[in-house]
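Q:
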Amino acid sequence: MLDIIFCGSSKGEKLYNQDIYGVNGNIAWVFDGATDLFGSRYTNDDVYYAMTMLNNALKNISQYNISLQDFISRAVWKSKAAIEMQYPSFFDTVSFIAPSFALSAIKINDSSIDYIVLGDCFIEIQQQNKVFTVSDDRFKKISERNKEGINKLDTSNKSYENSVLEIYRRTRMSLNKPYGYWIGSFDLLGLDKSITGEIDIEKNTTTIALYSDGMLGELEGSSLLSKMCNDISNDTFSHNDVYLRCMQKFDSIKTKDDKTIIILKVRS
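Position 76 of the sequence shown, counted from 1, bears residue number 106 in the numbering used here, the numbering being contiguous throughout.
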């Protein structure tokens with residue numbers, strides 16, 4: 031079973047928070063909707079709308095007798111069908127214009143944890159003094175390449191902002207291509223390329239954090255769990271004390287991006 035120790039999500043500089051998170055039975059997730067680079071066609075923010083519909087599906091689909099990857103796939107198809115009921119041509123476009131997303135998710139079994147990560151969302155699993163981190167280093171390389179390209183631009187040039195946008199657009203056009211990068215999408219083309227695996231459970235000592243890249247500014251090369259709730263196992267603090275301490279640390283993180291984290295503890 032999962033106990034929610036802390037969850038928090040807040041928007042960055044965009045008008046809408048495109049991150050989503052939740053728990054459904056023994057499955058938990060954080061998704062990060064990719065910033066719209068080509069303009070919304072149907073709503074004020076098509077990415078926010080699509081991610082909200084996806085979160086509703088994730089919360090309402092049955093999680094029993096199903097693998098973690100199948101759970102996510104079914105939720106994506108269910109949300110896609112619901113979106114097309116309202117906007118039949120919503121996905122009638124090239125793939126890089128349709129909403130896409132990074133994701134991290136876990137499923138708690140009797141003696142193990144299944145995990146899946148794709149893009150710039152992350153998982154930390156802490157058991158006693160050991161910390162196991164799951165990330166998609168393939169996407170990190172793409173991000174670093176973009177930063178290198180942006181750093182070469184002349185910030186004083188009037189076309190600087192458009193040049194930055196063009197770098198991101200060129201990258202986005204290569205999503206779910208062998209020569210590009212793999213990411214979550216409503217056609218499910220990238221999901222099979224996710225980072226997946228399994229780790230044994232140490233019940234009552236296993237703490238898990240799932241988070242979007244907006245939380246990365248807090249890391250500085252160390253464990254996010256240790257920074258967010260290093261006293262989580264201290265019996266002198268109540269659950270409410272730990273929650274408030276996490277909230278204070280969450281609020282202190284300054285970022286231009288949406289930031290989302292959910293911290294869970296596995297109990298027997």
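All C-beta atoms, glycine included, are put in the ideal place defined by N, C-alpha and C.
1) If we ignore side chains and look at the alpha-carbon of each, how far apart do L98 and N181 end up?
2) Quick check on I50: does DSSP put it in helix, strand or coil?
3) Quick one: residues in its chain with C-beta nearer than 6 Å to the C-beta of V194, no 5 flanking neighbours on either side, listed in chain order?
4) Using the Cα positions of E232 and R71, report the straight-line distance between them to the nearest angstrom.
5) Is V124 helix, strand or coil when you go by DSSP?
6) Nearest to V161 by alpha carbon, out of S40, S256 and T285?
7) What are the start and end residues of the beta strand (DSSP E) that includes K160?
8) Are there 16 or more other CB atoms within 10 angstroms of the CB of D299, so buried, or fewer, so exposed?
9) Beta-carbon within less than 8 Å of F121's beta-carbon, same chain only, minus the 5 sequence neighbours each way: which residues are those?
10) Out of I225, L205 and I153, which one is the CA nearest neighbour of Y241?
11) Checking the sheet assignment: what are the DSSP bridge partners for G63?
12) I need the straight-line Cα distance from S39 to D100, nearest angstrom please.
13) CA-CA distance, F267 and Q93?
14) If you reduce the DSSP assignment to three classes, tell me which class I213 lands in.
15) Let me check one thing: in DSSP terms, what residues is A87 bridge-paired to?
16) Measuring straight from C-alpha to C-alpha, what distance separates I172 and L84?
17) Is it true that the region 135-145 meets the region 57-74, where meeting means three or more beta-carbon pairs spaced less than 8 Å apart?
18) Quick one: Cα of L205 to Cα of R199, how far?
19) Can you tell me the Cβ-Cβ gap for I91 and A80, rounded? I've got them flagged as a contact below 8 Å.
20) Could you please give me the residues that DSSP links to A239 through a beta bridge?
21) Just checking my contact of S142 with I229 at CB under 8 Å: how many whole Å lie between their CB atoms?
22) Residues in its own chain within less than 6 Å of S224 by CB, not counting five upstream and five downstream?
23) Does the beta-carbon distance from K89 to N54 come in below 8 Å?
A: With the given structure in hand:
1) To locate residue 98, count along the sequence shown from 1; it is residue 68. To locate residue 181, count along the sequence shown from 1; it is residue 151. Near 39 Å, if we compare the C-alpha coordinates of N181 and L98.
2) Residue numbering aside, residue 50 sits at position 20 when the sequence shown is read from its first letter. Strand at I50.
3) Taking the sequence shown and counting its residues from 1, the one referred to as residue 194 is at position 164. Only I180 meet the Cβ criterion.
4) Translated into positions along the sequence shown, residue 232 becomes position 202. Translated into positions along the sequence shown, residue 71 becomes position 41. Whole-angstrom Cα-Cα distance: 48 Å.
5) In the sequence shown, counting from the first residue as 1, residue 124 sits at position 94. It is coil, neither helix nor strand.
6) On the sequence shown, residue 161 is found 131 positions in, with the first residue counted as 1. Nearest C-alpha to V161: S256.
7) Along the sequence shown, one-based indexing puts residue 160 at 130. Run containing K160: K160 to V164, per the beta strand (DSSP E) assignment.
8) Residue 299 is absent from the structure shown; the chain starts at 31 and stops at 298.
9) As a working mapping, residue 121 is identified with position 91 in the sequence shown. Around F121: K110, I113, E114, A128, F216 and D217.
10) Position 211 of the sequence shown, counted from the start, is the residue given in the question as residue 241. Per the Cα distances, I153.
11) Numbered from its first residue, the sequence shown carries residue 63 at position 33. Answer by DSSP bridge pairing, in chain order: F131.
12) Reading the sequence shown from its first residue, position 9 is the one you call residue 39. Reading the sequence shown from its first residue, position 70 is the one you call residue 100. Between S39 and D100, the C-alpha separation is close to 26 Å.
13) By one-based count along the sequence shown, residue 267 stands at place 237. By one-based count along the sequence shown, residue 93 stands at place 63. Low local confidence applies: a pLDDT of 47 at F267 is under 50, so the model's placement there is unreliable, and no value is given.
14) Counting from one through the sequence shown, the residue named residue 213 turns up at place 183. DSSP places I213 in coil when its eight states are reduced to three.
15) In the sequence shown, residue 87 corresponds to position 57, counting from 1. In DSSP, A87 forms no bridge with anything.
16) Here residue 172 is taken as the residue at index 142 of the sequence shown, counted from 1. Here residue 84 is taken as the residue at index 54 of the sequence shown, counted from 1. Approximately 25 Å, taken between the alpha carbons.
17) yes
18) Position 175 of the sequence shown, counted from the first residue, corresponds to residue 205. Position 169 of the sequence shown, counted from the first residue, corresponds to residue 199. Their backbone Cα atoms lie some 10 Å apart in a straight line.
19) In the sequence shown, the residue the question calls residue 91 occupies position 61. In the sequence shown, the residue the question calls residue 80 occupies position 50. Their Cβ separation, rounded to whole angstroms, is 16 Å, which puts I91 and A80 out of contact at 8 Å.
20) The sequence position of residue 239 within the sequence shown is 209, counting from 1. DSSP lists E154 and I293 as partners of A239.
21) Reading the sequence shown from its first residue, position 112 is the one you call residue 142. Reading the sequence shown from its first residue, position 199 is the one you call residue 229. 6 Å between Cβ atoms; contact.
22) To locate residue 224, count along the sequence shown from 1; it is residue 194. Hits under 6 Å: I146 and L148.
23) As a first step, residue 89 must be located in the sequence shown, where it is residue number 59. As a first step, residue 54 must be located in the sequence shown, where it is residue number 24. Against a cut-off of 8 Å, the Cβ pair of N54 and K89 comes out as a contact.
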